[in-house]
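2 protein chains.
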Amino acid sequence: MRTRDVNKESAIQEKAIEMIVKQGLDGFSMQKLAKAANVSPATLYIYYKDRDDLISQIASQISVRLMETSLKGLHPKMSFADGLELQWKNRMEFYLTHPLDVEFIEQIRYTPTYASIKDIVRQKFGDVLGKFVHNAINRGELQPLPFEVYWSIAFAPLYQLIKFHTQGYSPTNDCFRISDEMLNQTLNLVLKALKP
Amino acid sequence: MRTRDVNKESAIQEKAIEMIVKQGLDGFSMQKLAKAANVSPATLYIYYKDRDDLISQIASQISVRLMETSLKGLHPKMSFADGLELQWKNRMEFYLTHPLDVEFIEQIRYTPTYASIKDIVRQKFGDVLGKFVHNAINRGELQPLPFEVYWSIAFAPLYQLIKFHTQGYSPTNDCFRISDEMLNQTLNLVLKALKP
DNA sequence: ATTGTAAGTGAATGAACGTTCACTTATCTT
DNA sequence: AAGATAAGTGAACGTTCATTCACTTACAAT
Numbered sequence: 011m012r013t014r015d016v017n018k019e020s021a022i023q024e025k026a027i028e029m030i031v032k033q034g035l036d037g038f039s040m041q042k043l044a045k046a047a048n049v050s051p052a053t054l055y056i057y058y059k060d061r062d063d064l065i066s067q068i069a070s071q072i073s074v075r076l077m078e079t080s081l082k083g084l085h086p087k088m089s090f091a092d093g094l095e096l097q098w099k100n101r102m103e104f105y106l107t108h109p110l111d112v113e114f115i116e117q118i119r120y121t122p123t124y125a126s127i128k129d130i131v132r133q134k135f136g137d138v139l140g141k142f143v144h145n146a147i148n149r150g151e152l153q154p155l156p157f158e159v160y161w162s163i164a165f166a167p168l169y170q171l172i173k174f175h176t177q178g179y180s181p182t183n184d185c186f187r188i189s190d191e192m193l194n195q196t197l198n199l200v201l202k203a204l205k206p
Numbered sequence: 011m012r013t014r015d016v017n018k019e020s021a022i023q024e025k026a027i028e029m030i031v032k033q034g035l036d037g038f039s040m041q042k043l044a045k046a047a048n049v050s051p052a053t054l055y056i057y058y059k060d061r062d063d064l065i066s067q068i069a070s071q072i073s074v075r076l077m078e079t080s081l082k083g084l085h086p087k088m089s090f091a092d093g094l095e096l097q098w099k100n101r102m103e104f105y106l107t108h109p110l111d112v113e114f115i116e117q118i119r120y121t122p123t124y125a126s127i128k129d130i131v132r133q134k135f136g137d138v139l140g141k142f143v144h145n146a147i148n149r150g151e152l153q154p155l156p157f158e159v160y161w162s163i164a165f166a167p168l169y170q171l172i173k174f175h176t177q178g179y180s181p182t183n184d185c186f187r188i189s190d191e192m193l194n195q196t197l198n199l200v201l202k203a204l205k206p
């Protein structure tokens, strides 16, 4: 049996991400991808069932990697401030090393395709995160809040900063770059908001 | 000269939004839109230069309406807490009355198309918002912060909540609905974070 | 009532789309 | 060395795409 060419699969994924980030989901086609990845269109269908499957497989792989990175070193018994800082720094690191992957996910996140992916992520990582938050509340380091409220305060600001950084501008700034200082400043505001 | 049929244009816009929200940007085509809006494909090209123009015209109209609604009743001299609450409530009201419009914008926001739209919005509304924030800082009601930090704390949590509501679920909840109480709770956390 | 004009059309265009098929090629097992 | 098998291919399929064109229709101005 002929063996799979590993370079081929990663070339496909890399080019797909690149194309979708640069031209959007509607500017993306199987034939263009095949050409960009130096592969026959038919080869794509060895790796993926169809176009939808290609997009959602790539998206869920990235999502899982993002979550794994983001939770690296997190112990449920960590202090809340330390644990949240760790997650922020981990996410930021993932973004800095894989910016296209994050932009890709952001683009998928708001399409109907994303519905299937969230299940996988929640199933794999819901446990650890749940315990971390639960412990922090029990220790009195975190207000008891509906999970959605907690999440929207704890992580939405980080994603917004990353988005400004990604797009290179914000509502009042044409050439925005995130700085470590700014990240820490925002994190401290978030911690202040969530403290009992 | 024959007069334009106003119903026609709004039918086109309404169906376009509906289709893109339900099937995503790539499941959207001019011919399907024409059929859904009971119009000839050629008619679309009377109203819009091409497909891209159609999408970005609709998107920027919605963006402007959203900002107008969100700033309704805002005076730059308002207290910061009142002004921010007003903007949150206004935005939430816009979402409740035009949920599809907001989902449509969210979907465009992360595509390359959005770049052109942000200019229009900033140009039209940057002034009022800038003054409001400036006054609040001078009065000592708001920490002086980089605008991006301010924005990510002040509004990202609201958008995250709306997103949970829109999608009908959050990381730990399969059937999430936003409540007034939850909105107020989150707003208070945000105000707490931003207070000097 | 006639006419000028822009609104509106259905059918047609060629290009690009996702996908498949008959086929070749590389590698593992024997 | 031969055979088995999955990887990989280029050309082709029917479909759908965005867009255009020759044409009709409705209305305002005259």
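Quick note, the sequences are listed as chains H and C, same order. Quick note, my numbering runs 10 ahead of the 1-based positions in the first sequence. Quick note, my numbering runs 10 ahead of the 1-based positions in the second sequence. Ideal Cβ positions, reconstructed from N, Cα and C, are used throughout, including at glycine. All values derive from a computational prediction rather than experimental measurement.
- Classified as exposed, S20 of chain H has fewer than 16 neighbouring CB atoms from the shown chains inside 10 Å of its CB.
- DSSP, reduced to helix, strand and coil, places N100 of chain H within a helical segment of the structure shown.
- Taking 7 Å as the cut-off, the Cβ atoms of F104 of chain C and V31 of chain C do not count as close.
- The three-state secondary structure of N48 of chain H, taken from DSSP, is coil.
- For the 7 Å CB-CB criterion, F142 of chain H and G178 of chain H do not form a contact.
- Annotation: F38 of chain C is outside any alpha helix (DSSP H) and is labelled neither H nor E by DSSP.
- The beta-carbon of M192 of chain H is placed less than 7 Å from the nearest beta-carbon of chain C.
- Within the same chain, V138, K141, F142 and N145 come within 7 Å of P86 of chain H by CB-CB distance, once the 5 residues on both sides are set aside.
- Under the 7 Å criterion on CB atoms, G34 of chain C is classed as interfacial with respect to chain H.
- In the DSSP assignment, I163 of chain H falls within the unbroken alpha helix (DSSP H) covering F157 to A164.
- With at least 16 other beta carbons inside 10 angstroms of its own, S80 of chain C counts as buried.
- For E158 of chain H, the neighbours in chain C by C-beta distance under 9 Å run, in chain order, Q170, L171, F174, H175, S180, P181, T182, N183, F186, I188, M192 and T196.
- Neighbourhood of S162 of chain H in chain C, by CB distance below 7 Å: P167, Q170, L171 and T196, in chain order.
- Within chain H, not a single residue places a beta-carbon under 9 Å from that of A52 of chain C; the smallest gap is close to 21 Å.
- Per DSSP, Y58 of chain H is not a residue of any alpha helix (DSSP H), being assigned neither H nor E.
- For the pair of segments examined, the region 165 to 176 of chain C was found to touch the region 154 to 173 of chain H: the number of CB pairs separated by less than 8 Å reaches three.
- N194 of chain C is bridged by DSSP to nothing; it lacks a bridge partner.
- Of H:E191, H:L110, H:Q117 and H:M77, the smallest CA-CA separation from E158 of chain C is found for H:E191.
- Around the beta carbon of T13 of chain C, fewer than 16 other beta carbons sit within 10 angstroms, so the residue counts as exposed.
- Less than 7 Å divides the Cβ of K25 of chain H from the Cβ of L43 of chain H.
- Distance between K202 of chain H and K99 of chain H, taken at the CA atoms: about 18 Å.
- One Cα belongs to I56 of chain H, the other to T123 of chain H, and the distance between them is close to 21 Å.
- A distance below 6 Å between beta-carbons, with the five flanking residues on each side excluded, links R75 of chain H to no residue of its chain.
- Taking C-alpha positions only, S39 of chain H is separated from F90 of chain C by approximately 48 Å.
- At a cut-off of 7 Å between C-beta atoms, Y120 of chain C counts as an interface residue with respect to chain H.
- In this structure I118 of chain H is in contact with A69 of chain H, their Cβ atoms being roughly 5 Å apart against a cut-off of 8 Å.
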